[in-house]
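Data block below; observations after.
Numbering (the working numbering), first residue to last: 10 to 66.
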């Protein structure tokens, strides 16, 4: 799991990088954020399906 403090530190470090490096790290950070959103969405969906399954019993 990527912690918020780690993400913030990476953002801070990026300010000292060259433009090409900044772009690369920015893409990685966006990817991490997107993956975290997807994991959260899937966890919620999984819980919803478990609740529906329990109701059907």
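All residues carry an ideal CB built from backbone N, CA and C; glycine is no exception.
In the structure shown, residue 24 falls within a coil segment according to DSSP collapsed to helix, strand and coil. The beta carbon of residue 23 lies closer than 6 angstroms to those of 31 and 34 in the same chain, with the five residues before and after it left out. With a minimum length of 3 residues, there is no unbroken run of beta strand (DSSP E) contained wholly in the segment 22 to 65.
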